[in-house]
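Residue 36 is where the sequence shown starts when you use my numbering, and the numbers rise one by one after that. Using N, Cα and C, we set each Cβ at its ideal position, and we do this for glycine too.
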Amino acid sequence: MNDLPQDGRSLKARLPALAAAAVTVVAGLGVRHVLPGDAAKSAGDALYTVLVYCLAVLAAPRVRPVTAAAVALAVSWAVEFLQISGIPAELSQQSVVARLVLGTTFNVPDLFWYVVGAAFAWTVHRLGSRRPGAR
């Protein structure tokens with residue numbers, strides 16, 4: 036397999052992240068049908084950050100797990116704090132996609148659940164990593 040062209044190695048390295056992103060989207064959309072109210076919202080918040088983590092790994096397959104977790108957490112928190120401005124709420128009235136990606140209202144507990152999602156994704160990535168000493 037070492038004779039694969041760079042594009043082949045790149046695609047092969049990205050497939051697990053792509054699969055994880057797809058599973059995360061399905062889980063995120065389905066969690067509201069399985070869990071009640073606040074539990075579903077909290078799980079959705081954590082899964083949001085897991086998805087951002089997957090997208091970071093998809094964009095840079097050799098990223099260290101700790102870096103991917105930091106990026107995912109920073110993006111999730113940035114989107115949450117953007118909600119204070121009201122811009123996401125306005126955009127969410129016009130688009131379901133905007134509502135799913137940007138949310139609508141700032142909620143302090145969401146910040147905690149983003150940490151949970153980043154920690155979960157980091158743990159799974161570390162456990163699945165074949166690189167010795169990955170952090």
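{"Check": "Tell me the residue span of the alpha helix (DSSP H) that contains residue 129.", "Outcome": "122 to 129"}
{"Check": "Assuming the contact rule is C-beta atoms closer than 8 angstroms, residue 115 and residue 141 should be a hit. Round their C-beta distance to whole Å, please.", "Outcome": "6 angstroms"}
{"Check": "Is it buried or exposed, residue 57, if we count other Cβ atoms within 10 angstroms and call 16 or more buried?", "Outcome": "exposed"}
{"Check": "Going residue by residue through the region 72 to 114, where are the continuous beta strand (DSSP E) segments of at least 3 residues, counting only ones entirely within it?", "Outcome": "none"}
{"Check": "Between which two residues does the alpha helix (DSSP H) containing residue 152 stretch?", "Outcome": "143 to 163"}
{"Check": "Are the CB atoms of residue 102 and residue 152 nearer to each other than 8 angstroms?", "Outcome": "no"}
{"Check": "Figure out for me which residue from 45, 52, 46 has the closest Cα to the Cα of residue 163.", "Outcome": "52"}
{"Check": "So, residue 148 versus residue 80, is the Cβ gap smaller than 8 angstroms?", "Outcome": "yes"}
{"Check": "Is DSSP giving residue 59 helix, strand or coil here?", "Outcome": "helix"}
{"Check": "Could you tell me the alpha carbon to alpha carbon distance between residue 55 and residue 121, rounded to whole angstroms?", "Outcome": "31 angstroms"}
{"Check": "Go ahead and pull the three-state DSSP assignment for residue 138.", "Outcome": "coil"}
{"Check": "Taking the C-alpha atoms as reference points, what is the distance between residue 49 and residue 98?", "Outcome": "11 angstroms"}
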